[in-house]
Amino acid sequence: MSKLDSLIVLINSMDTAEKRYFQLNTKMYEGKKDYQLLFDLIDQSGLSADSVKVKFKKHKPDGSFEIICNHLYNLLLDKLLAKDSEKEVEFQVFKAYQQAKFLVKRNLFNEAFKLLEKYKTIALEFELFTYFLLLAKLEIRLYNQLEFNGMDENKLIKLQSRIETVSRQQRAIENHTGLYNLMSLRQIKQGTIRNEADKEKLNNLAFNELQAVSGQAKDSFEAQKLHLLFQSAYFMKTNNPKSSLKVYYELNTLFENNRKLWGRPPYYYLSHLKGILN
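Per the numbering used here: the sequence shown = residues -16 to 261.
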């Protein structure tokens, strides 16, 4: 797929609000740029890639089409990403991490620590364990830089213990996710079990999954979600759709009780709905 083809797909996927956001944030008042002409040609005309190129050359015979095409593509990615970052918790937490590092460069350590403390709590609330570890490790590094001014031994031990606990949670989830992905691949590629060898492989995988569940926090949304998704796939693999559907209803209750943890886009929730319909 050429860059122009990718650009056409990207623009056609934008909704009205995204197009308005892009137009408002590309300084239309300074005069129409070449990339804005290209955007309008793709957005308004429904032309093929070849036709867009021909029409653009007709309007701008001296313009470098490939350079303008690349510029528009990168600009769209930047603007759409910025718009998405306003809503996604992951972006907000990572932005706080970057802001804290910037504040330290300006010797605003207290402000940096306040920011880290606030977003560590948010990261744990949304089970964003990787982001929590980033923030917590930065916090310890900054205290070390300040020769642990404002931190006593008990506070350091408590924070390091929290880091170790969250690290174990993250590793357990990664392992659990890997097992679910393997189950999904086998279900998609191979369908239901056909012989004793398939049955033995499935049982080994199910045993490993039970061990993965036992090593995680019982109230973890991510752990419960992965376990139910795995169970449902297991029952489908063993040609037991009734039990699989029962698990999907349990999964639906879990999702409905934890809407803020769906993610954007809510891939697992959509996959869950597809499973119920199938």
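Idealized CB from N, CA, C, for every residue including glycine. As the structure is a prediction and not an experimental result, all values here were calculated from the model.
Can you tell me where the alpha helix (DSSP H) holding residue i begins and where it ends?
{"i": "Q199", "result": "From DSSP, Q199 is part of no alpha helix (DSSP H); its letter is neither H nor E."}
{"i": "G262", "result": "The chain is shown only over -16 to 261; residue 262 falls outside these bounds and no answer can be derived."}
{"i": "D67", "result": "F48 to S68"}
{"i": "K120", "result": "F112 to Q128"}
{"i": "S31", "result": "Element bounds for S31: n/a, residue is neither H nor E."}
{"i": "E73", "result": "V72 to K88"}
{"i": "S(-11)", "result": "K(-14) to N(-5)"}
Helix, strand or coil, according to DSSP, for residue i in the structure here?
{"i": "F22", "result": "helix"}
{"i": "E94", "result": "helix"}
{"i": "K223", "result": "What sits at residue 223 in the sequence shown is Asn, not Lys. Coil, per DSSP."}
{"i": "T9", "result": "coil"}
{"i": "N235", "result": "helix"}
{"i": "K243", "result": "helix"}
{"i": "I176", "result": "coil"}
{"i": "K229", "result": "helix"}
{"i": "F190", "result": "helix"}
{"i": "K43", "result": "coil"}
{"i": "F213", "result": "helix"}
{"i": "K16", "result": "coil"}
{"i": "D(-2)", "result": "coil"}
{"i": "F131", "result": "coil"}
{"i": "F218", "result": "helix"}
{"i": "F109", "result": "coil"}
What's the call for residue i, buried or exposed, on a 16-neighbour Cβ count within 10 Å?
{"i": "S227", "result": "buried"}
{"i": "F96", "result": "buried"}
{"i": "E192", "result": "buried"}
{"i": "V35", "result": "buried"}
{"i": "I156", "result": "buried"}
{"i": "I(-6)", "result": "buried"}
{"i": "L60", "result": "exposed"}
{"i": "F131", "result": "exposed"}
{"i": "S42", "result": "According to the sequence provided, residue 42 is His. The question's Ser does not apply to it. Classification for H42: exposed."}
{"i": "K70", "result": "exposed"}
{"i": "Q214", "result": "buried"}
{"i": "F77", "result": "buried"}
{"i": "A0", "result": "exposed"}
{"i": "Y232", "result": "exposed"}
{"i": "I25", "result": "buried"}
{"i": "F190", "result": "exposed"}
{"i": "E110", "result": "buried"}
{"i": "I(-9)", "result": "buried"}
{"i": "L244", "result": "buried"}
{"i": "Q27", "result": "exposed"}
{"i": "V37", "result": "exposed"}
{"i": "D17", "result": "buried"}
Can you confirm whether residue i, when its beta carbon is compared against all beta carbons of chain D, has any partner nearer than 8 Å?
{"i": "H210", "result": "In the structure shown, chain D does not exist; there is a single protein chain."}
- Query: Counting pairs of Cβ atoms below 8 Å between the stretch 48 to 68 and the stretch 234 to 246, do you hit three or more?
  - Reply: no
- Query: Counting Cβ pairs closer than 8 Å, one from the stretch 122 to 140 and one from the stretch 75 to 82, do we hit at least three?
  - Reply: no
- Message: Whether or not the stretch 195 to 207 and the stretch 217 to 224 are in contact is what I'm after, with contact meaning three or more pairs of Cβ atoms, one per stretch, closer than 8 Å; do they touch?
- Response: no
- Message: Using a Cβ distance threshold of 8 Å, determine whether the stretch 132 to 147 contacts the stretch 103 to 123, with at least three qualifying pairs required.
- Response: yes
- Message: I'd like to know if the stretch 134 to 142 and the stretch 178 to 198 are in contact, where contact means that at least 3 CB-CB pairs between them fall below 8 Å.
- Response: no
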